[in-house]
Structure formats: structure tokens, C-alpha cells
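The structure appears right after this line, and notes come after that.
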Amino acid sequence: MATQVSTAEYLTDQLSGAGDVAVRKMFGEYGVYCDGKMFALICDDRLYLKPTEAGRAFAPDLTEEPPYPNAKPHLLVPEERWDDADWMAEAARRTLGDLPLPKPRKKKAKT
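First residue of the sequence shown? That's 1 in full-length UniProt numbering, and the numbers climb one at a time after it.
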């Protein structure tokens, strides 16, 4: 089951306290970005944070499971947490703080 657009929009709003949050459609689901860093996925109407030490320390109660078959486990944020925008923004900030900056894209060689 694909994620509903309304779910992606709601989660974007709830996470916006962390910075400039945007979603990008990827393979029928969504990647969640903040200031250019991908830090979460929305798959099947479920929010998954990239697993980081800071994220685990902030929310030790979150379980880890893959967002789609053969994916690495991510931290699953239960729907009960979604309405707490302050908690969501802090979880995003802590996760983002542990993630490296995205690698610059290589320019295509002219032929």
C-alpha cells in the first residue's frame, strides 16, 4: 500500500520545527529531507528515521525494522508520536546532527 499524500504532507508539517523539511517522491514512497540531508522515509503511511546513536539515545523505545523488503532497519516512529510536533522536531534534529553532509554530485563529463 503506497503512502497517502495527506500523510506525507502532515508529517512534513510536524517535522518542520527541525528546519527546511521537504519530501521527495521515491519509488512510490517518500524520502524526507531537511536542509539537503535525507533523514527519514515515509513508506506505507509509516515514518522511519535513519538509525543514529543520537536518535536511539533520544527515543530508546522506538523499534527498528526495515521500511521495505531488503532495506536496512530504520527507527519506526509510532503514530501516537506524530501529533507531538516538538518531539518530532527534536527527534529529527538529533538524527540530523549525527548524519554526514550529502556528498557533492559529480559533474557529467562533456563528450
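We put the beta carbon where it would ideally sit given N, CA and C, even for glycine.
These figures come from a predicted structure and were not determined experimentally.
Span of the alpha helix (DSSP H), counted from its first residue to its last, around residue i
i	result
L15	V5 to L15
Distance between residue j and residue i (C-alpha atoms, nearest Å)
i	j	result
L41	R56	16 Å
R93	L75	14 Å
L99	F39	8 Å
E80	V5	19 Å
A59	K110	48 Å
G17	D84	11 Å
When the options are compared against residue i, the one with the closest alpha-carbon
i	options	result
D86	P66, G19, L76 and D98	G19
residue 113	L96, N70, T63 and F58	Nothing in the structure corresponds to residue 113, since the chain is present only between 1 and 111.
G28	P67, L96 and A2	A2
D44	P66, S16, V21 and E90	P66
P104	G36, L15, D83 and D13	G36
Element boundaries [beta strand (DSSP E), containing residue i]
i	result
A40	K37 to C43
Runs of beta strand (DSSP E) wholly within the UniProt domain "TfoX N-terminal" (13-96) (minimum 3 residues, chain order): Inside the UniProt domain "TfoX N-terminal" (13-96), DSSP marks whole beta strand (DSSP E) runs of 3 or more residues at positions 21-26, 29-34, 37-43, 46-49, 63-65 and 74-77, from first to last along the chain.
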